[in-house]
Amino acid sequence: MDHYVDNMDKVVKAQAVFRGIQARNHLKQTLDHYHQNTDDIVKVQAVARGMLARKQKNALEEKLLDSISAVTSIQALARGVLTRKRIDDIHSQLHRSTPAIVQVQALARGMLARKEMDGFLDRVQSNVPAITQIQALARGVLTRSRLGAVLEHCLMFENEITQLQAMARGLLARRNIRGTLSHYYGYQDQVIRSQAIARGFLVRKRQDEIREYLRQRESAVHKLQAMARGVLSRKKVGGLLEHYATHEEEVIKVQQCVRGFIRKNQERKRWEHYVNNADKIIKVQSVFRAKLANNAYRTLTMVEDPPVSTMRNFIHLLDDGDKDFQEEMELERLRQQAVLTIRQNNELETHLNDLDIKIALLVKNRISLDEVIRASKRQYNVSDDYHAAASSLKSLDKDNRHKLECYQQLFYLLQTHPIYLARLLFIMNQNFMGDRTKKFVETVVLTLFGFAQNEREEYLLLKLFKAAIDVEISNVETVSDFLRGNPVFIKLAVHYNRGAKERKYLRELLQPLVKQIIEDPTLDLETDPLAIYRKLIREEESREGKKSNRPYDIPLDSALEDVETRQVLISHLKQLTTITTNFVNSIHNSLDKMPYGIRYIARELREALMAKLPNEQENTILKVVGNLVYYRYINPAIIAPETFDVIETNINPLQRKNLAEVAKMLNQVCVGKPFSNENVGLKALDSYVKFTSESFAQYSYNVTAVCDPEVYFQIDEFLDLANRQKPVIYINTSEVFSVHAMLEESLDMLAPEMDDPLRAVLEDLGPAPTIKSGFQDRELSLTLTNKLADLGEEESEVKQLFVETKRLVLYIIRIQSGRTLLDILERPVTNRDEKRFQEMIAQERAKGEGIKSNFDISGVDFLTLKKVTFDYLNLLEREGRVSYESGYQEMINSIATDVRNKHRRRIQRRQEMKRIRQTLLNLADKSNYLEEQKNTYLDYIHTCMSQLSQKKNKRSRVLPFTRQYFHLKDLQKSGKMPRFGSYKYTAERLAQKGVLLSMEQFSPKQFEKIAMTISSDEAGVFSIEAYMMGAKIADMILRLEDLLQLQFDNVNVTTLFDGAVTVNVNLLLFLINKKFYV
1 MDHYVDNMDK
11 VVKAQAVFRG
21 IQARNHLKQT
31 LDHYHQNTDD
41 IVKVQAVARG
51 MLARKQKNAL
61 EEKLLDSISA
71 VTSIQALARG
81 VLTRKRIDDI
91 HSQLHRSTPA
101 IVQVQALARG
111 MLARKEMDGF
121 LDRVQSNVPA
131 ITQIQALARG
141 VLTRSRLGAV
151 LEHCLMFENE
161 ITQLQAMARG
171 LLARRNIRGT
181 LSHYYGYQDQ
191 VIRSQAIARG
201 FLVRKRQDEI
211 REYLRQRESA
221 VHKLQAMARG
231 VLSRKKVGGL
241 LEHYATHEEE
251 VIKVQQCVRG
261 FIRKNQERKR
271 WEHYVNNADK
281 IIKVQSVFRA
291 KLANNAYRTL
301 TMVEDPPVST
311 MRNFIHLLDD
321 GDKDFQEEME
331 LERLRQQAVL
341 TIRQNNELET
351 HLNDLDIKIA
361 LLVKNRISLD
371 EVIRASKRQY
381 NVSDDYHAAA
391 SSLKSLDKDN
401 RHKLECYQQL
411 FYLLQTHPIY
421 LARLLFIMNQ
431 NFMGDRTKKF
441 VETVVLTLFG
451 FAQNEREEYL
461 LLKLFKAAID
471 VEISNVETVS
481 DFLRGNPVFI
491 KLAVHYNRGA
501 KERKYLRELL
511 QPLVKQIIED
521 PTLDLETDPL
531 AIYRKLIREE
541 ESREGKKSNR
551 PYDIPLDSAL
561 EDVETRQVLI
571 SHLKQLTTIT
581 TNFVNSIHNS
591 LDKMPYGIRY
601 IARELREALM
611 AKLPNEQENT
621 ILKVVGNLVY
631 YRYINPAIIA
641 PETFDVIETN
651 INPLQRKNLA
661 EVAKMLNQVC
671 VGKPFSNENV
681 GLKALDSYVK
691 FTSESFAQYS
701 YNVTAVCDPE
711 VYFQIDEFLD
721 LANRQKPVIY
731 INTSEVFSVH
741 AMLEESLDML
751 APEMDDPLRA
761 VLEDLGPAPT
771 IKSGFQDREL
781 SLTLTNKLAD
791 LGEEESEVKQ
801 LFVETKRLVL
811 YIIRIQSGRT
821 LLDILERPVT
831 NRDEKRFQEM
841 IAQERAKGEG
851 IKSNFDISGV
861 DFLTLKKVTF
871 DYLNLLEREG
881 RVSYESGYQE
891 MINSIATDVR
901 NKHRRRIQRR
911 QEMKRIRQTL
921 LNLADKSNYL
931 EEQKNTYLDY
941 IHTCMSQLSQ
951 KKNKRSRVLP
961 FTRQYFHLKD
971 LQKSGKMPRF
981 GSYKYTAERL
991 AQKGVLLSME
1001 QFSPKQFEKI
1011 AMTISSDEAG
1021 VFSIEAYMMG
1031 AKIADMILRL
1041 EDLLQLQFDN
1051 VNVTTLFDGA
1061 VTVNVNLLLF
1071 LINKKFYV
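Following UniProt numbering, the numbering of the sequence shown begins with 1 at its first residue and continues without gaps.
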């Protein structure tokens, strides 16, 4: 069986050859038989053909005999045709002779024929189904008759027909066989191969059957084979073991020698490899060490809570002596000094405001100086500018003064806390307020920030833009949401970007480019194929003086197929790309001159979008930034250059069209999108737009690479507290009240927390006043003040403690290690730890590095250092800066932040120290200035005191035996003489002076019987009493500040004694001033 399987291919080939020989022998015998009987076969075929021809002839004759009647009918029809022809000739002759008769006959025949035809058609139409059925029956009878005749004829010659068919079939078969044989002879090799394939198929089929048979018995075969192999293997192994057993010692020695040789060879090759690749090995080691360091630094920078073990690897980066630590301590000390000075100044200003009001009242109304003297006896170190306070004072009434101060505080809060206005702008945009309201708020906001005319106001306005961007971006989910939102701060940014600096930049950037376009009279950048086509027709008609042969109104595709139009369009596109490239290059090259404000807004927008949409591609966000910079800032100046002072001349429509085409190209480059199908003429520039937009995206990123505004403007939190002059805004009364109303309406969204400063200020203000029709608007100058300043003195002390604790922790983690800082602090101190600590202190002392802090570690041991650090950490934990549960991880995180930001923090610290020192100089200058003002105030008060003493010594002369004379005598006798005087008048006299207007229940005729006294025993307070024939009928207390308030409110008439007496306010004030202060 195995031999048969191994020689399967040879067997198949032998069988194929044998079968081929048999087939060829059989075919040869058949062909030889046919060739031997060729003559007989030809004769048989001739006889068959003759018999068939005769049969066909006989059949034709029989058919003619059967059709004699039909032939007779045909002949009759022919004779009828001839007869009718003769009759027609006769009729024609009659027609020529008698036309009228023919016409009458024709009409009659026509009528009869139509009538007959109509009747026939009606009958046919009514019997259509029956006629159709009769016709079908007739055709069936005729067909069956002909078929029966044919069948009868065939039955008569059945034998002959059968023989003829057999002969025909034989002939066809022989022809087919000859064709097949000739085909086989031509493809003999292919036939043999086909036969071989067939035989192979049969053999493989048989082989598959055998394999299937074996597969069904596979387990038995495997067992048999395994048994055979096992027997052979055991026999072989047994022989080897017997051989090795006889030579065991020699085998062991050989194995030892071989192993030694292999090991030595491997070691030698390894060392040779190391020697030959020493440089590469060093590089690999450095790369490996760098990777380890990189992983450690990534852990330090990326992990939120880096472990202490990682931190210890980077502590050496902080080993710059005590310079950084001393600078931090010095910075905190300067901050504390500035905070203490400012706090003292604020306390002094609060007291001096009351003093200022009293002095102003004294100047205007000549009141007593007793309260002013009491206020001046308080020893304060600071005073305010009297003239500035007096000029900003809008009312001497206490309530109005308080309200004015509240409004000043409110607008200062809105200015320095931009989150309120940012939320208000967002609420306006979400509530779909009208354009008028939005414009009003935009105007008020720009007025509040003085249209960014100085550095402070520009700095605060940019902070507002940042807050508005953060609020807007926090409420979007995609970039498209932001673009569709049309936020209000964009309009504010547009107004801000039309300032003097921004216009100057646009003029320097665009003026040469725009002049190049408008000064070329032949330049035409039209890209609409239809417009170009029609313009060419108009030029042709104007040039030749006749109408053009080309149609004027054609579709766009036809215009593009016009050769001349296409050439002009290509020329325009080349010019447009050249000009656009010049614009793009100029914009890129002028980046350093671009105003800081627009770049900062772009930076904040990019950072806010990147933070909100981390999965968004940066290129997409840069397109949004580029759209803000170009479309909102540069594009309007290109389209309307005369509006932005880029040029001074007027622009004609063609020039405007050219500028618009350039602006369209630049906008497409900015957004980086291909042109739509509507701009067919510009579709050819899609590749140019794609290429140029990549560089513009890099430009958009470079626009955002600016420093923080605190660094750019050199401004810190002490600016307003160190300046002599407080910020002032000029705003209308209606605007103040409207802002108050809007804040009050949206308070829950603007200040959601109940302890928000905005709520406190609005609560002090009370409800917003209602602006009624006829309201007289006034312009106010509000001197902004900050009454809620939190200088954070305690926070500064905590920060200083945190820095000192951090310094001590650095010493500790250099000596000991552990999983957390708490584990290190709780770890016992060994002699080795103490020795290392003392060596570290000695090294620092040898370098001359001292530690200027509240705790001197030069004379303490390591255990004491850990205890002090633990105490400091407990203090910080009470302040909420660290946590025991986290193992004081907050301290480790702070040290990691110092390592990461060491260089940047050093630069920032130096800048802060520079600014804080300048602030301290400004504070010292302001203190000296206010001290001088204090001395001026005190001198003025002393002068007034001396004048008052002179007035007290000078008594007014009273005529004897008058009503006033007896009144004073009575007061002196009773010992009730008021300190500032007392005057007595009759009601009739007061009415004559115009002071008294009317009295209830008394007629003017009774006024002479009524007496009224006005006395003052207290500054600014007057006692008024009414007597009727010597009996007191009423009394009241009248305050001067009430009269002044009435006069300020333009109230001319008021009532006394609970409405019983009506007086003239202005004349009563005149009387009091004349009698008591003049």
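Ideal Cβ positions, reconstructed from N, Cα and C, are used throughout, including at glycine.
Quick one: is residue i buried, meaning 16 or more other Cβ sit within 10 Å of its Cβ, or exposed?
i            : result
residue 965  : exposed
residue 1076 : buried
residue 472  : buried
residue 791  : With a pLDDT of only 44 at residue 791, under the threshold of 50, the placement of this residue in the model should not be trusted, and no figure is reported.
residue 612  : buried
residue 633  : buried
residue 261  : exposed
residue 369  : For residue 369, the predicted model reports a pLDDT of 35, less than 50, meaning its position is unreliable; a value from the coordinates is still stated below. Buried is the call here.
residue 740  : buried
residue 644  : buried
residue 488  : buried
residue 108  : exposed
residue 17   : exposed
residue 391  : Residue placement at residue 391 is poorly supported in this model, since its pLDDT is 34, which falls under 50; the coordinates are not used for a value here.
residue 640  : exposed
residue 389  : Here residue 389 scores only 30 on pLDDT, less than 50, and its place in the model is too uncertain to base an answer on.
residue 288  : exposed
What residue range is occupied by the uninterrupted beta strand (DSSP E) comprising residue i?
i            : result
residue 1022 : 1021-1028
residue 1035 : 1031-1039
residue 420  : It is not in any beta strand (DSSP E) - residue 420 instead sits in the alpha helix (DSSP H) that spans 418-430.
Would you kindly report the start and end of the unbroken alpha helix (DSSP H) that includes residue i?
i            : result
residue 705  : First-last for residue 705: undefined, no H or E at that position.
residue 1080 : Nothing about residue 1080 can be reported from this structure: the residues present for the chain run from 1 to 1078 only.
residue 582  : 563-589
residue 730  : It is not in any alpha helix (DSSP H) - residue 730 instead sits in the beta strand (DSSP E) that spans 728-732.
residue 620  : 618-629
residue 635  : 635-639
residue 992  : 987-993
residue 600  : 596-612
residue 684  : Neither: residue 684 is in no alpha helix (DSSP H) and is coded neither H nor E.
residue 469  : 455-473
residue 49   : 38-66
residue 977  : Per DSSP, residue 977 belongs to no alpha helix (DSSP H) and is neither H nor E.
residue 485  : 479-485
residue 677  : First-last for residue 677: undefined, no H or E at that position.
residue 746  : Here residue 746 belongs to no alpha helix (DSSP H), and DSSP marks it neither H nor E.
Residue i bridges to which residues according to DSSP?
i            : result
residue 1015 : 982 and 1023
residue 1056 : 1061
residue 1002 : 999
residue 780  : 731
residue 1010 : 1028
- Ordered list of alpha helix (DSSP H) runs contained in the stretch 491-560, each at least 4 residues: 500-518 and 529-544
- Item | Contact between the stretch 970-988 and the stretch 1015-1034 (3+ Cβ pairs under 8 Å) | yes
- Task: Would you mind listing the beta strand (DSSP E) stretches within the stretch 136-190 that are 3+ residues and don't spill past its ends, in chain order?
- Result: none
- contact_flag[the stretch 68-83, the stretch 145-160] where n(CB pairs < 8 Å) is 3 or more: no
- Query: Just checking, does the stretch 550-560 make contact with the stretch 570-584 on the three C-beta pairs under 8 Å criterion?
  - Reply: no
- Item | the stretch 808-816 touching the stretch 759-768, judged by at least three CB pairs closer than 8 Å | no
- Message: I'd like to know if the stretch 456-475 and the stretch 702-717 are in contact, where contact means that at least 3 CB-CB pairs between them fall below 8 Å.
- Response: yes
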